[in-house]
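Top line first, the protein sequences correspond to chains A and B.
In this text, residue positions in the first sequence follow the working numbering: the first is 9, and each later residue adds one.
In this text, residue positions in the second sequence follow the working numbering: the first is 9, and each later residue adds one.
See structure below.
Protein chains: 2
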Amino acid sequence: MFNSAESVERLVNWLARLPGIGRKTATRLAFHILKLPAEEALELADIIRDVKEKVSFCSVCCNISETDPCHTCTDPKRRKDIICVVEEPMDAAALDKVDEFNGLFHVLGGRLSPLDGIGPDDLKIKELLARLNDKISEVIIATNPQVEGEATATYLARLIKPMGIKVTRIARGLPVGADLEYADSVTLTRALEGRQEF
Amino acid sequence: MFNSAESVERLVNWLARLPGIGRKTATRLAFHILKLPAEEALELADIIRDVKEKVSFCSVCCNISETDPCHTCTDPKRRKDIICVVEEPMDAAALDKVDEFNGLFHVLGGRLSPLDGIGPDDLKIKELLARLNDKISEVIIATNPQVEGEATATYLARLIKPMGIKVTRIARGLPVGADLEYADSVTLTRALEGRQEF
């Protein structure tokens with residue numbers, strides 16, 4: 009395509025492998041990078057090197073971190089008796105923005121998915137169970153409300169409940185701002201099931 | 009956001025500055041990069057370094073190139089008597105994929121846009137005029153069929169025609185596969201104006 013600039017072609021090819029980025033978007037991005045001041049473009053090269061060298065996983069909560077244990081696990085302002093279990097680091101980041109929650113996280117690194125060959129041993133479930141002791145008052149299971157996320161939640165609840173720890177599941181219902189008219193029936197069922205008294 | 013992994017945060021911030029990439033997409037991309045094997049992620053760092061160090065502009069056609077003059081300008085299989093004038097390197101790349109065209113290119117590096125303060129001196133027009141001699145039989149003006157692209161085309165045609173060189177403009181009309189019903193009236197006008205006999 010760019011027979012005069014092989015490195016641009018390589019950049020386009022690399023970018024086009026990113027999820028949700030097609031060849032045309034990749035080309036547009038490559039030209040944007042090409043037009044950037046050198047130091048700004050090279051900053052990305054440095055950041056990627058940094059990410060790859062510094063970021064690993066917290067041995068406690070299994071979230072991504074540059075320190076071990078991570079800042080969240082060692083933060084003295086957080087409640088240590090509540091653990092919120094999520095699938096991915098992005099989920100923890102999303103929940104962390106909510107003031108409502110001030111406990112700890114546990115990142116499973118995925119969800120049970122027999123079709124993809126992902127079983128309990130492929131997730132950080134052993135690490136979660138190792139954290140549970142009589143100081144933990146509640147485990148909130150915040151896996152995604154999809155078939156596999158629900159199955160993972162049920163599986164975890166069955167493991168943790170016998171230990172005498174309160175296990176809760178985040179509410180599923182209508183998102184704020186939604187239209188009842190357009191909601192699917194499964195969501196409506198969940199919204200009815202989860203109804204609360206005024 | 010990722011208080012445990014500052015470099016990931018920096019990566020998200022960098023990616024979110026790219027055109028058409030919002031914060032959510034940037035986060036998704038950053039996590040994808042985080043999950044890539046180290047050598048694949050670091051490849052991007054190398055490519056960007058390469059792009060910034062190797063790629064500059066061909067002194068003849070002003071297209072991006074790692075060599076000077078570029079491969080297109082020195083390709084013995086190309087017709088040297090036809091020059092196709094485009095706005096950006098991406099436009100040249102798009103036209104280069106078409107078998108119909110086998111001539112040379114000239115990249116203006118933009119289009120006349122008085123509102124943005126871009127005048128003739130900001131484009132590679134001097135370089136284009138320097139290439140025109142009696143060996144050139146035709147200049148095809150392939151700037152984008154938008155207001156500013158048309159103005160640039162008219163401007164160039166007025167400069168080149170007096171030199172006795174044939175100047176043509178790419179056809180504007182209905183794109184292949186389009187619906188007459190949904191076409192805008194300017195496009196339909198152009199399609200009628202540009203009609204050809206069977």
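Using N, Cα and C, we set each Cβ at its ideal position, and we do this for glycine too.
#### Entry: Members of the segment 38-61 of chain A that neighbour chain B once the beta carbon cut-off is set at 7 Å
Phe39, His40, Ile41, Leu42, Ala46, Ala49, Leu50, Glu51, Leu52, Ala53, Ile55, Ile56, Arg57, Asp58, Val59, Lys60
### Task
Mind listing the chain A neighbours of Arg18 of chain B? Cutoff is C-beta to C-beta under 7 Å, in chain order.
Walking along the second sequence from the start, residue 18 of chain B turns up at place 10. Going along chain A in sequence order, the residues near Arg18 of chain B (Cβ under 7 Å) are Ile55.
### Neighbourhood of Glu158 of chain B by C-beta distance below 6 Å, restricted to the same chain and skipping five residues each side
Numbered from its first residue, the second sequence carries residue 158 of chain B at position 150. So no residue of the chain qualifies.
#### Entry: Nearest residue (CA-CA) to Pro153 of chain A, options A:Asp54, A:Leu26, A:Val194
As a working note, residue 153 of chain A is residue 145 in the first sequence. With distances taken between Cα atoms, Pro153 of chain A lies closest to A:Val194.
### Message
I want to verify the contact list: residues of chain B whose CB lies under 8 Å from the CB of Pro27 of chain A, in sequence order.
### Response
Start at 1 with the first residue of the first sequence, and residue 27 of chain A comes out as number 19. The answer, in chain order, is Arg36, Leu37, His40.
### Among A:Lys62, A:Cys70, A:Leu19, A:Asn71, nearest to Ala53 of chain B - alpha-carbon criterion
Along the second sequence, one-based indexing puts residue 53 of chain B at 45. The residue among A:Lys62, A:Cys70, A:Leu19, A:Asn71 with its C-alpha nearest the C-alpha of Ala53 of chain B is A:Leu19.
### Query
Any idea if Asn141 of chain B is buried or exposed, counting beta-carbon neighbours within 10 angstroms, 16 or more meaning buried?
The sequence position of residue 141 of chain B within the second sequence is 133, counting from 1. Flag for Asn141 of chain B reads exposed.
### Task
State the DSSP-derived secondary structure class of Ile133 of chain B, mapped to helix, strand or coil.
Taking the second sequence and counting its residues from 1, one reaches residue 133 of chain B at position 125. Of the three classes helix, strand and coil, the one that applies to Ile133 of chain B here is helix, per DSSP.
### Message
Can you find the residues in the same chain that come closer than 6 Å, C-beta to C-beta, to Ala161 of chain B, ignoring five residues on each side of it along the sequence?
### Response
By one-based count along the second sequence, residue 161 of chain B stands at place 153. Counting only Cβ-Cβ distances below 6 Å, and skipping sequence neighbours, we find Ile149, Thr151, Arg177.
### Query
Would a check of beta-carbon distances place Glu171 of chain B closer than 8 Å to chain A?
Mapped onto the second sequence, residue 171 of chain B falls at position 163. Before going on, a small fix: residue 171 of chain B reads as Met here, not Glu. Not an interface residue.
### Query
Any idea what DSSP makes of Phe206 of chain A, helix, strand or coil?
Position 198 of the first sequence, counted from the start, is the residue given in the question as residue 206 of chain A. Phe206 of chain A: coil per DSSP, three-state reduction.
### Task
From the DSSP output, in three-state form, read off Lys174 of chain A for me.
What you label residue 174 of chain A is simply residue 166 of the first sequence in a count that begins at 1. Lys174 of chain A falls in the strand class under three-state DSSP.
### Query
Along chain B, which residues have their Cβ under 9 Å away from the Cβ of Pro153 of chain A?
Within the first sequence, residue 153 of chain A is the residue found at index 145, counting from 1. Simply none; closest approach about 18 Å.
### Query
Is it the case that the Cβ atoms of Asp89 of chain B and Lys143 of chain B are separated by a distance below 8 Å?
As a working mapping, residue 89 of chain B is identified with position 81 in the second sequence. As a working mapping, residue 143 of chain B is identified with position 135 in the second sequence. For Asp89 of chain B and Lys143 of chain B, yes; Cβs fall inside 8 Å.
### Any chain A beta carbon closer than 8 Å to Pro122 of chain B
For the purposes of this step, residue 122 of chain B is taken as residue 114 along the second sequence, with counting starting at 1. Judged by the 8 Å Cβ criterion, Pro122 of chain B is not in contact with chain A.
### Task
Mind listing the chain B neighbours of Ser15 of chain A? Cutoff is C-beta to C-beta under 7 Å, in chain order.
Mapped onto the first sequence, residue 15 of chain A falls at position 7. Those within 7 Å of Ser15 of chain A in chain B are Ile55, Asp58, Val59, Lys62, Val63, Glu74.
### With 16 other Cβ atoms within 10 Å as the buried cut-off, status of Ser73 of chain A
Here residue 73 of chain A corresponds to residue number 65 of the first sequence, with the count starting at 1. So Ser73 of chain A counts as buried.
### Query
Would you say Phe113 of chain B and Thr80 of chain B are within 8 Å of each other, going by their C-beta atoms?
Residue numbering aside, residue 113 of chain B sits at position 105 when the second sequence is read from its first letter. Residue numbering aside, residue 80 of chain B sits at position 72 when the second sequence is read from its first letter. Yes, the pair counts as a contact, with Cβ atoms nearer than the cut-off.
### Query
Between which two residues does the alpha helix (DSSP H) carrying Ile41 of chain B extend?
Within the second sequence, residue 41 of chain B is the residue found at index 33, counting from 1. Start and end: 31-43.
#### Entry: With 16 other Cβ atoms within 10 Å as the buried cut-off, status of Asp124 of chain A
As a first step, residue 124 of chain A is located in the first sequence; it is residue number 116 there, counting from the start. Classification of Asp124 of chain A: exposed, given that the 10 Å Cβ count is below 16.
### Task
Determine the extent of the beta strand (DSSP E) in which Cys70 of chain B is found, giving its start and end residues.
What you label residue 70 of chain B is simply residue 62 of the second sequence in a count that begins at 1. Unbroken run through Cys70 of chain B: none, as it is neither H nor E.
### Message
When you compare the CB of Thr33 of chain A with every CB in chain B, is at least one pair closer than 8 Å?
### Response
Taking the first residue of the first sequence as position 1, residue 33 of chain A is located at position 25. Cβ-Cβ to chain B under 8 Å: yes for Thr33 of chain A.
### Task
With a threshold of 16 other CB atoms inside 10 Å of the CB of Ser67 of chain A, please say whether the residue is buried or exposed.
One-based indexing of the first sequence puts residue 67 of chain A at position 59. Exposed is the call here.
### Query
According to DSSP, which residues form a beta bridge with Phe113 of chain A?
Walking along the first sequence from the start, residue 113 of chain A turns up at place 105. In the DSSP output, where bridge partners are listed per residue, Phe113 of chain A has A:Cys92.
### Message
Could you give the first and the last residue of the continuous beta strand (DSSP E) run that contains Ile55 of chain A?
### Response
Position 47 of the first sequence, counted from the start, is the residue given in the question as residue 55 of chain A. Premise fails: Ile55 of chain A lies in the alpha helix (DSSP H), 46-62, not in any beta strand (DSSP E).
### Task
Rank A:Val93, A:Glu96, A:Leu136, A:Asn110 by C-alpha distance to the C-alpha of Arg87 of chain A and give the top, closest one.
As a position in the first sequence, residue 87 of chain A is number 79, starting the count at 1. Nearest option by C-alpha distance: A:Asn110.
### Query
For Lys132 of chain B versus Cys70 of chain B, is the C-beta spacing smaller than 8 Å?
The residue you call residue 132 of chain B lines up with position 124 of the second sequence. The residue you call residue 70 of chain B lines up with position 62 of the second sequence. Yes. Within cutoff.
### Message
Between A:Ile126, A:Arg180, A:Lys169, which has its C-alpha nearest Glu156 of chain A's C-alpha?
### Response
Against the first sequence, residue 156 of chain A aligns to sequence position 148. Of the candidates A:Ile126, A:Arg180, A:Lys169, the one whose C-alpha sits nearest the C-alpha of Glu156 of chain A is A:Ile126.
### Task
Return the Cβ separation of Leu103 of chain A and Val94 of chain A in integer angstroms, given the expectation that the two are a contact with Cβ distance under 8 Å.
Walking along the first sequence from the start, residue 103 of chain A turns up at place 95. Walking along the first sequence from the start, residue 94 of chain A turns up at place 86. Indeed they touch by this definition, with Cβ atoms about 7 Å apart.
### Message
Tell me the residue span of the beta strand (DSSP E) that contains Glu146 of chain B.
### Response
In the second sequence, the residue the question calls residue 146 of chain B occupies position 138. Looking at the DSSP string, the run of the beta strand (DSSP E) that includes Glu146 of chain B is 146-149.
#### Entry: Among B:Ala100, B:Pro122, B:Arg36, B:Phe206, nearest to Tyr163 of chain B - alpha-carbon criterion
Position 155 of the second sequence, counted from the first residue, corresponds to residue 163 of chain B. Checking every option, the nearest Cα to that of Tyr163 of chain B belongs to B:Pro122.
### Message
Do Asp58 of chain A and Ser15 of chain B count as a contact pair if the criterion is CB distance below 8 Å?
### Response
Taking the first residue of the second sequence as 1, we reach residue 15 of chain B at position 7. Taking the first residue of the first sequence as 1, we reach residue 58 of chain A at position 50. For Ser15 of chain B and Asp58 of chain A, yes; Cβs fall inside 8 Å.
### Query
For Arg230 of chain A, which of A:Gly181, A:Ala38, A:Val115, A:Glu48 has the nearest alpha-carbon?
Because residue 230 of chain A is not part of the residues shown, which for chain A are 9 to 206, the question remains open.
### Query
Phe84 of chain A versus chain B: which residues are under 7 Å apart at the beta carbon?
Position 76 of the first sequence, counted from the first residue, corresponds to residue 84 of chain A. The sequence shown places Pro at residue 84 of chain A, rather than the Phe named in the question. Result: empty, since nearest Cβ-Cβ is about 14 Å, beyond 7 Å.
### Message
To be precise: take each residue of the segment 96-126 of chain A, compare its Cβ to all Cβ atoms of chain B, and keep it if any distance is under 8 Å. Which residues remain?
### Response
Glu96, Pro97, Met98, Ala101, Asp104, Lys105
### Query
Within this structure, are the beta carbons of Ala13 of chain A and Ala24 of chain A separated by less than 8 Å?
As a position in the first sequence, residue 13 of chain A is number 5, starting the count at 1. As a position in the first sequence, residue 24 of chain A is number 16, starting the count at 1. Not closer than 8 Å, so no.
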